[in-house]
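Following: one structure in structure tokens, then a few remarks.
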Amino acid sequence: MTTATPLSPPGLAGRVLAGYGDRVVLHDLYDEAGVPVYHDLAATDTSEIRELLRVARGGTGPVLELAAGSGRLTLPLLALGREVTALELKEGMLDLLRERLATLPAGARARCAPVRGDMSAFDLGRTYGLVVLGTTSVSLLDDAGRAGLLASVRAHLRPGGTFLLSTVDRAADAGAEADLDFEVRGASGRHYRMIEHWPPGAPARGVTILPPEHEAAAADRIEVLTTSIRVLAAQRLERELAAAGLPVVARHTLPASGPRHVDVLIEAEAA
């Protein structure tokens, strides 16, 4: 389902890791080793939540959240008083979601059904008023995977139901630099060095997460997470949605998640 992760990331990240030699241990960001880091970083990212909830408030009926992760969007959706099915492929993410649900009042817990499943091919035997795919997770799917996703979404949406999904475009003024090197802080307070490799016009952008330089310099073992994420322009997704019987009714520009990112929330409707 995900794009293949190279043995060593390209560009600046590859050069940095080469300098650390055999102390480096590489993992895919979406493997089990990446679960706690992904959760830590996702918990601080509220970029799309406000706009997504604004649209969700206008609808009715149960909600299906795809690629739910550890509940970054699930809990806000539950706070609206809606019934939520949270579909997620990784069992480790579902475990974290269940832990978070256990801290909620009984009524809210009862309205959430965590389900293990693949967003590119699922059959839940029911329909929903709203389907949500956030965190630009659609970029993890290849052409066949997206076709399966859209067919599954169409089959699970009630007539007139809404499908919300987000994607990232490269800002027009992003410049020609391929590499972006910056530090981020997770919800735990832990700091991470993040290097994004995204040459202009490239079909994918590489993301590498490693300890800050001062930590890595002193470590005997350096755990590194890396992945390659497809670049899916909003216009391309809109064409694919229309072809699948999910015409786009609105496009919402979101607060940027990075200095050269244009984050977009696409709102489509079951025809």
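Counting in the numbering used here, the sequence shown runs without a single skipped number right up to 271 at its last residue. Glycine residues also receive a C-beta, built at the ideal position from the N, C-alpha and C atoms.
Contacts around residue i, its chain only, beta-carbon distance under 8 Å, and the 5 residues preceding and following it disregarded
i: ARG251; result: ALA234, GLU238, VAL264, LEU265, ILE266 and GLU267
i: GLY186; result: VAL37, ASP40, LEU41, ALA43, THR44 and TYR192
i: VAL25; result: ARG221, ILE222, GLU223 and VAL224
i: ALA271; result: GLY245, LEU246 and PRO247
i: TYR20; result: ALA216 and ILE222
6 Å CB neighbourhood of residue i in its chain, flanking five on each side removed
i: GLY11; result: ALA178, ASP179 and HIS197
i: GLU188; result: Going by the sequence as given, residue 188 is Ser instead of Glu. Within the same chain, SER188 has close Cβ partners ASP40.
i: GLU32; result: GLY92
Extent of the continuous alpha helix (DSSP H) run through residue i
i: GLU83; result: First-last for GLU83: undefined, no H or E at that position.
i: ARG221; result: Here ARG221 belongs to no alpha helix (DSSP H), and DSSP marks it neither H nor E.
i: LEU96; result: 91 to 101
i: ALA151; result: 143 to 156
i: GLU51; result: 49 to 57
i: VAL138; result: Looking at the DSSP string, VAL138 is not in any alpha helix (DSSP H), and its letter there is neither H nor E.
i: ASP40; result: 35 to 42
Same chain only: Cβ atoms within 7 Å of residue i, ignoring 5 sequence neighbours per side
i: SER8; result: GLY14 and LEU17
i: THR5; result: Only weak support is given to the placement of THR5: the predicted model assigns it a pLDDT of 45, under 50, and the value that follows is read from those uncertain coordinates. Cβ within range, chain order: ASP28, THR226, THR227 and SER228.
i: HIS261; result: VAL168 and ALA171
i: LEU75; result: ARG100
i: ARG98; result: PRO114
i: PHE122; result: LEU87 and SER152
i: MET1; result: Low confidence applies to MET1: its pLDDT is 40, below 50, so where it sits in the model is not reliable enough to give any reading.
i: SER70; result: HIS39, ALA42, MET93, LEU96, LEU97 and ARG100
i: GLU240; result: ARG146 and LEU150
Cross-strand partners of residue i (DSSP beta bridge)
i: LEU133; result: LEU66 and LEU165
i: PRO114; result: ALA86
i: ALA204; result: ARG230
i: TYR128; result: LEU157
i: HIS27; result: LEU225
Residue i - containing beta strand (DSSP E), residue span
i: ARG193; result: 191 to 197
i: ALA268; result: 261 to 269
i: LEU17; result: Unbroken run through LEU17 is the alpha helix (DSSP H), 11 to 20; no beta strand (DSSP E).
i: THR253; result: 248 to 253
i: ASP181; result: 179 to 185
Top-ranked residue by Cα proximity to residue i, from the options
i: LYS90; options: LEU141, LEU52 and GLY34; result: GLY34
i: GLY161; options: LEU75, ARG50 and ARG57; result: ARG57
i: ILE195; options: GLY189, PRO259 and GLU240; result: PRO259
i: LEU165; options: ALA67, ARG190 and LEU80; result: ALA67
i: GLU269; options: ALA155, ALA147, SER137 and ALA174; result: ALA155
i: ALA204; options: HIS214, ARG230 and ASP181; result: ARG230
i: PHE163; options: ARG72, ALA108 and ALA242; result: ALA242
i: ARG288; options: ALA174, PRO199 and ASP143; result: Only positions 1 to 271 of the chain appear in this structure, which leaves residue 288 out of reach.
i: VAL249; options: PHE182, VAL55 and TYR30; result: VAL55
i: GLY201; options: ASP22, ALA174, LEU78 and ALA219; result: ALA174
i: ARG109; options: LEU78, GLU183 and THR136; result: LEU78
i: PRO199; options: ILE209, ALA176, GLU183 and TYR30; result: ALA176
Within-7 Å CB hit, residue i to chain B
i: GLU177; result: No chain B is part of this structure, which consists of one protein chain only.
Using 8 Å as the threshold, is the stretch 113 to 123 in touch with the stretch 74 to 89, meaning 3 or more CB pairs across them?
yes
Check whether the stretch 58 to 68 and the stretch 118 to 131 are in contact - that is, three or more C-beta pairs closer than 8 Å.
yes
Should the stretch 131 to 150 be called in touch with the stretch 93 to 102, which here means at least 3 C-beta pairs below 8 Å?
no
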